[in-house]
Structures are given as structure tokens and as C-alpha cells.
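Student: Structure in C-alpha cells, see below.
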């Protein structure tokens, strides 16, 4: 075999041999499917917080497992609420999302900051300790809560 054929064989490549693109836009994997299946808009994050499941109030599964972040959303019809569950990795991370009618969040395994748009009252950040429940905006006189959760951020220690 001549050196010319070795060089051409070594120079041959296919798309599967190419490295993946270095451009990362941090879009949450499966965001369109999560919206279609669960009615939850997830946008961007660093991969350390990700959607794991949703559970209707009164469902056999109950609340999210301890150690996962649990976001509670009010619904207009029975069962009147849904839990969105998020798993985490590490002590720092973020996820931008949109959860209208948010009225409570339970922290996961590490400290958390949750930012919500409270309508006329502007944005507010809530500091949540591991496995602690924090009420967000309960609504007024039977009205559905107006708060829209817009970001979850893990912190190595809430300050």
C-alpha cells in the first residue's frame, strides 16, 4: 500500500467523526414537549436545574419527592392545582421559566432563590432554604394568584 492511499484514508472523515458544535444557547432540552405535555414553559438554564415531572393535586403520586424543588401553580378547575418538580445537581445553577399563578415553592436539597413577577408590585426574589416551603402570592379574596415565577437559582448559601 502506498503512502498516498494511507494519507487519503486518514484524511477521510464523516459527520459522525466531527466534534459537536461549541455554540451552546442553554435552551432547556425538550422545552417544546414539556409545554405540550405539562403546560409549563421552561426557557434557559445551565443544566443544573431541570424539569422532572408534574403532579396534579389529589394525584396518587402526591407532592414532589423530598430533595426536589416543588413549584405550586393554581388552576381554575378541579383539582385546583399542580406541582411542578425539578431535580438539581450541584450547589449552583439556574433555570428561567414561566409559571403563571405561582403561589408556593418548596426548596430542594440546597439553598435557592426564586424570582417572581408580582404584577403591579414588580419582581421579588424569595430566599428558600433546603426543603423549606415559602408562599409567594396567594391571590386576594378567592382570586387566582397573579405571581409569575420567572427564575430558579441555586445558591451555595442564601445571603
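In full-length UniProt numbering, the protein residues as written are 1 to 159. Heads up, the beta-carbon is just placed ideally off N, CA and C, and yes, glycines get one too. All values reported here derive from a predicted model rather than from experimental measurement.
(1) Can you list the beta strand (DSSP E) stretches of 3 or more residues lying completely in the stretch 72-100, in chain order?
(2) In this structure, what does DSSP give as the bridge partners for residue 128?
(3) Taking 7 Å as the limit between beta carbons, can you name the residues of its chain near residue 35, skipping five residues before and five after?
(4) So who's on the other strand from residue 105, going by DSSP bridges?
(5) Under 7 Å Cβ to Cβ from residue 56, same chain only, skipping five residues before and after it: list those, please.
(6) With distance defined between alpha-carbon atoms, name the residue in 150, 33, 32 and 30 nearest to residue 94.
(7) Any idea what DSSP makes of residue 45, helix, strand or coil?
(8) So, at 7 Å on beta carbons, what are the nonlocal neighbours of residue 87 in its own chain, with the 5 sequence-adjacent residues on each side left out?
(9) According to DSSP, is residue 40 helix, strand or coil?
(10) So, with DSSP's three-state summary, where would you put residue 152?
(11) Is the Cβ-Cβ distance between residue 102 and residue 145 less than 8 Å?
(12) Anyone know if the C-beta pair for residue 72 and residue 104 falls short of 8 Å?
(13) Look at the alpha carbon of residue 90 and the alpha carbon of residue 121, and state the distance between them as a whole number of angstroms.
(14) Residues in the same chain with beta-carbon distance under 6 Å from residue 147, minus the five sequence neighbours each way, listed in chain order, please.
(15) Report buried or exposed for residue 26, applying the criterion of at least 16 other Cβ atoms within 10 angstroms of its Cβ.
Tutor: Looking at the atomic coordinates:
(1) Taking 3 residues as the shortest admissible run, the stretch 72-100 contains the following complete beta strand (DSSP E) segments, listed from N- to C-terminal end: 81-88 and 93-100.
(2) 112
(3) 41
(4) 71 and 134
(5) Result list for residue 56: 79 and 82, in chain order.
(6) 150
(7) strand
(8) The residues are 50, 52 and 68.
(9) coil
(10) strand
(11) yes
(12) yes
(13) 32 Å
(14) 102, 116, 118, 136 and 137
(15) exposed
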